[in-house]
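Each residue of the sequence shown is one higher than the last, beginning at 1 in our numbering. The beta carbon of each residue, even a glycine, is placed where N, CA and C say it ideally should be. In this text, all values refer to a predicted model and were calculated from it rather than measured experimentally. Shown next, in structure tokens, is the structure this report addresses.
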Amino acid sequence: PGHISSQCKGHPRCLLCGKDKHINNEECPFIEDEENPLKCINCEGKHLATSSSCPLITQQRQINALAAAENLSYAEAKRKIRGGKLTTDPRSPLPLPPPLREGKSHRSLFNPTQKSQLEDQHHNLLVYPNGRAPASDATIIPSPSPFLPVSNSTINNNNYNNETVASSTPLFPNFSHPLLPLLQELAVTTNTFTPPEHSASSSEIKILQWNCRGLQDKLPNLQFLAKKFDIFCIQETLLTKVSKVSVNNFSLLRTDITKPGMRGICFLVKNNLKVSLVQLPFTVHYSIEAAAISIPFQNEELLIINIYRHPNDDTTIQAFNDIFNLASRYKFALIVGDFNAHHRLWGCKRNDSAGIRLASCIESFNYWALNDSSNTRFNPCNNTGSIIDLALASPDLACACCTTTLDDPMASDHYPVETVINGKFSMMKRLAYKLKLDKEQLLKLNARLEKISRESPPTTTDNELEDYEQLINSIKEVATDILREDGKDGKIGPKKIIYKRSPAPWWNGKCTKAVNNRKIALDIFKRDPSKDNYLALKRQNRECKLVLSKQKKESWRSFCTSFNSKTPTAEMWRLIKAFKRKDNNSIKDYKILESSQEAAIDKLCPPSCSPPPFTTLLSMKQEDINSPNVQSWMSNPFSIDELRVALATVKVSSSPGLDQISYAFIKTLPEKFETHLLDIYNRIISRGTFPSSWTESLVVFIPKPNSNGVRPISLLSCLLKILEKCVYNRLRWHFEANDILSDTQFGFRSYRSCSDSLIILTNAIQLGFINGKFTVCVFLDIAGAFDNVDPFILLEDLQRKGVPAVIRYFIANLLLNRNIFFVRDGNTQGPYYTYKGLPQGSILSPPLYNLYVKDSKRQLLPGVSRGLELSPAKSRCVVFTRKRTYQLPKPNILVNGEEIPMATEHRFLGINLDNKLTGKPHMKYLINKGKRIASILTMLAGTKWGSHPQLLLSLYRAVFRGAIEYGAVVFQFKGNKQLFLALQRLQWKLIRNAMGYRVSTPINEPREQAFTLRTCLSKSAVSFPLTFPLSQQRPGRFTKPCLSSTSYKSLQQSYSPTAVVAVTSGSKIKVAWIPSHKGITGNERADILAKRAARKGRKTSCMVPYIDLYHRSKYILNRRYQTYLENAASTKGTFYHTHYHTNNVKPWYYRLPLNRAQIVTTSRLRSGHYNLNQSLFRKNIVDSPSCPCGDPNATEPAHIYCLQALLTEHELNAYTDGYG
């Protein structure tokens, strides 16, 4: 003993027979019996050389313990022990602690000299008994064993028989361990050891490995354990690609079942850990499933490999060597998993071929088996156990690890194995800089500022910058004092990410009781493995599973039921975003994220961004003298009304900048503070000054959900953005009133939308279809549009368009004087200087970009240098035609010598356009989206539980109905009847799920209660308002009015076919039908005029308010819808239409204090479709319409309500009489 195998100078010998080591790692033929007992190769005793009862191993323990207690070198401790200082007989064993479990014994898995040399060589990895390093003058104790615990919470409290302890006072009060008696004896004997004090500052992570035999069934148990562990290494997950698994606050790395024979493995890693994905550099053997990750540890990388070995497959030694070769590249490595291998080396009773090969690799690479000799698998058939779930650590990591086997298999046949690693881990942090005040604290802020304004009003000096700094400091001081009163602070700095929400919020006392009963049943069966006890164990496992599932379901239902008609929509949107995050819970590689952040920093702030020459306000005013079109009114001081309009349009929940002043603070300012702020704004604009805090922006990187990239989010000062809003309102009015911007620019402009652009494009494509021509459409992508704007060219454009000098100088300060601080790992990195592009998050960036690209056709030509470039890789060319595919031309369009790719379809402004404009790809996209929404609605509500129907209908209209109506103006549904029918049925399914109707209910009633128009009706409403603009105008407001249309059917629906002239209040209106058939004279001219009207609008002598068109079209559309319902009621839904039909657009339960169960039951009764015999008999589901209770009045509503205890008799009479 005393050295590792690679340093042994003797011949390698077999541990069993003591002879030379067998060739090719063959299994030893030695069989233990009375004639051939075991023989130790060290002391020649009747035990294995790795047995803990070996005297030489005991002596080695004494050497290690003495070296630790007296802070001696290994050589000095060895001389003292062998010199007889502590024991007269070095071969006499010390008393050993009892086994961890009944019938088990502690085993030394390796030669003790390996531990000794390991501790001498790697003395920097110290493990202290209570988790805290002692003072500099205290005695430091290296870990004498890889089993030394690092936390009191990680070891079960076992009552060891400490016969060798001389003192009754425990020297290690915070933990218990098999080697504790030895350390206590040495400490008492030498009288030199002082145990260090406990500290919670030690950093550790807890890893749980477990063969769960099906993750989805065991997920409730795992969610409960998630609050105690940081990493889960799971084997035999039995997950497929369609399986959905998520745990709150954890990311997932899965290897799913893709072929027969696979079982699946996965990692679950807490989100506050930095994780890097490790690609296996070898072809994994067919008998092994493996995955690997790495995390920062001790300024190095800790490799964790998760393995599952199939028990019935033969694994070669090369397969194990590949895994250990990968682990040997890392200083710290941990290999965990279900190896399905047996060997006496780690405590099994027998050896098999896989165990022999694995043990050979462990010895060759000097790895340590960390298991505590407890069985990790339990076989209920014969009440036996085995150790096949192993935790193997590299020599440098072993002393920092503590491994224990938990005593609850959680309905699996494998026990979870916990490994605690003590050391310095790099955790993710967040930047805490916000002053978060709730509503009550904001009221306090307003009251205290009001008091300050009365006692000492804000004073105005000649220096507006000092006034500004004094204003924000006074606000911050008051806000900070309010936070300190509640025990908080507003300091800026990194803080640990703490997850307040439990991964299992549904866990309660019933769950704990069910788990305890399951444990008791297991213990009883292990003591008495009878058939009855086995059946009792199976029954308790099943009952525990049902209890956990039931409590989880009930908790979710109560949560969903809390959403009523008064719940804010924002709460529901937060829930929808949570559903989306569950679908994107894969592990993000922190190394790739860091490289993406570096690339983003280089892109936003390139090294070439040196400070440019900055002009002065005086020189800009000199330029205005020679400019004839300067808009001098824009230089006037801002009014209090402009400031309040800007404040009314801000989003209070927006994050503040580095000055910590949020919109909520600004909106609570008293009137005097508000007036003082306006005065500061006007002086800043007029004098051309700029506060230093306005030059600083905070950029936070948000990982993109479906890629490894990051999205930078810039946070500017809220006080700056309010002044920007005031300037923006003036610029927007100037641009729109003087037609400065291009008519084809629809983005970032009022009263223009994406639908306008889509209609213009599709009209041109449809015209090509009519004329039998090809329409070649090139969708161009501008690379880094906002980031590549040249600010000097932009300032010249502003000067040419008449923007005065004071506004231009403010914009110049905003663009050219920017210091960016990037948030990385909870710290601010910077400042980085840049003047490149438009600042992200700035309110002025969109209108300035519109001005910059107002003449994009000329600016994007080759040779025109304005900083903008096209990206051919992201651009697409689509040829629209109804002709056959083989007749399509192939245009060769080049951008900077690179060809733009051809495509048969492209997504433009949220619409999937195919080359035939059939709409099939877009409708398939809508159907898939509707299916996801349907699954969400199913999870949010049931028949007698869940969210309020009105809230779910709002969700349906916002998410799904809006998407349908957005694309309805583009496509024709005539050629897609099958897809259109599928889309209609999906809509009806969503409405039924939201309102709780049965599937057999005719859609008339749900559609009427939800007031959901048919798609064809709502589509016709898009063009319908334009046919009734003049019907209710006073005479004299127009001259020679004429209402024209190219659709004879629209005129036929609007007026009588014979009515060519309509008379309204004495005025005559001509109604003309202008056919647009090909070959009619003037058709081309009419088409040009129609397109011009679509772009610029129709300028007539009659000023028609838009609201008149809206109300008129809404009235006529509602009348047509009611006609449709009456016609449909003749074939289906006759019972409801006869008894309950009304023309009210609100549902019957509007503003009634009813829950979902009451609403659903009443709605089903009104429709005549409910789950009672009276209704089921009509569907031939039951044989008799009578109620099983035998009540002759079973068909009356009172019987149904009172039977279900939904309403009292008084409430029932009130609702049925008043609203039935």
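Proximity of Tyr809 and Leu617 at Cβ, strictly below 8 Å: yes
Taking 8 Å as the limit between beta carbons, can you name the residues of its chain near Lys218, skipping five residues before and five after? Cys212, Met410, Ala411, Ser412
Lys1257 - partner residues in DSSP beta bridges: The question about residue 1257 has no answer, for the chain in this structure spans 1 to 1220.
Only counting the same chain, and skipping five residues up and downstream in sequence, which positions put a Cβ closer than 8 Å to that of Leu870? Leu780, Asp781, Ile782, Ala783, Leu860, Val895, Asn896
The beta strand (DSSP E) with Asp338 in it runs from where to where? 332 to 338
By a C-beta neighbour count over all protein chains shown, 10 Å radius and 16 as the cutoff for buried, is Pro705 buried or exposed? exposed
Given that a residue counts as buried once 16 or more other Cβ atoms are within 10 Å of its Cβ, and exposed if not, what is Thr316? exposed
Distance check for Pro872 and Cys233, CA to CA, integer angstroms please. 44 Å
Per DSSP, which residues does Trp368 bridge with? Please list them. Ala393
Using a 10 Å radius around the Cβ and a threshold of 16 neighbouring Cβ atoms, would you call Ser947 buried or exposed? buried
With Gln235 as the anchor, note down where its beta strand (DSSP E) starts and where it stops. 231 to 235
Check Tyr833 in the structure and name its three-state DSSP category. strand
Considering only DSSP beta bridges, list what His414 is partnered with. Arg377
Rounded to whole angstroms, what is the Cα-Cα separation between Ser1184 and Ala1010? 33 Å
Please tell me whether Gly946 has its Cβ less than 8 Å away from any Cβ of chain D. Absent here is chain D; the protein component of the structure consists of one chain.
Helix, strand or coil, according to DSSP, for Cys361 in the structure here? helix
Arg818 and Pro846: beta carbons closer than 8 Å? no
With Leu72 as the anchor, note down where its alpha helix (DSSP H) starts and where it stops. Element bounds for Leu72: n/a, residue is neither H nor E.
According to DSSP, simplified to helix, strand and coil, what is Thr561? helix
What is the DSSP secondary structure of Tyr956, reduced to helix, strand or coil? helix
Taking all protein chains shown into account, do 16 or more other C-beta atoms lie within 10 angstroms of the C-beta of Phe282, making it buried, or fewer, making it exposed? exposed
If you measure between the beta carbons of Phe332 and Phe378, is that distance less than 8 Å? no
N-terminal and C-terminal residue of the alpha helix (DSSP H) that Arg1156 is part of: 1156 to 1167
Among Asn248, Lys244, Asn383, the one whose alpha carbon lies nearest that of Lys227: Asn248
Go through its chain and collect everything with a Cβ distance to Ile271's Cβ below 7 Å, but skip five positions before and after it. The sequence given here has Asn at residue 271, not Ile. Once the five neighbours on either side are set aside, the close Cβ partners of Asn271 are Asn249, Phe250, Ser251.
Assuming Ile713 and Ile702 make a contact with CB atoms under 8 Å, what is their CB distance in whole Å? 6 Å
Which runs of the alpha helix (DSSP H), 4 residues or longer, sit entirely within the segment 651 to 694? 663 to 667, 671 to 687
Counted within 10 angstroms of its Cβ, other Cβ atoms place Gln223 as buried (16 or more) or exposed: buried
Which residues does DSSP pair with Glu869 in a beta bridge? Ala783
Would you decide whether Tyr330 is buried or exposed? Buried here means 16 or more other CB atoms lie within 10 Å of its CB. buried
Tell whether a beta-carbon distance below 8 Å holds between Val245 and Leu215. yes
Less than 8 Å between the C-beta atoms of Tyr1270 and Ala785, yes or no? Summary: the structure shown does not reach residue 1270, with the chain confined to residues 1 through 1220, and so no result is reported for it.
For Gln76, collect the residues of the same chain with a Cβ closer than 6 Å to its Cβ; drop the 5 residues on either side in sequence, then sort them by chain order. It is Glu, not Gln, that sits at residue 76 in the sequence shown. Nothing listed; no residue qualifies.
Given a cut-off of 8 Å, decide if Gln631 and Ser806 are closer than it, judged by their beta-carbon atoms. The sequence shown places Val at residue 806, rather than the Ser named in the question. Against a cut-off of 8 Å, the Cβ pair of Gln631 and Val806 comes out as no contact.
Same chain, Cβ closer than 6 Å to Ile497, neighbours up to 5 away in sequence not counted: Asn272, Met428, Arg430
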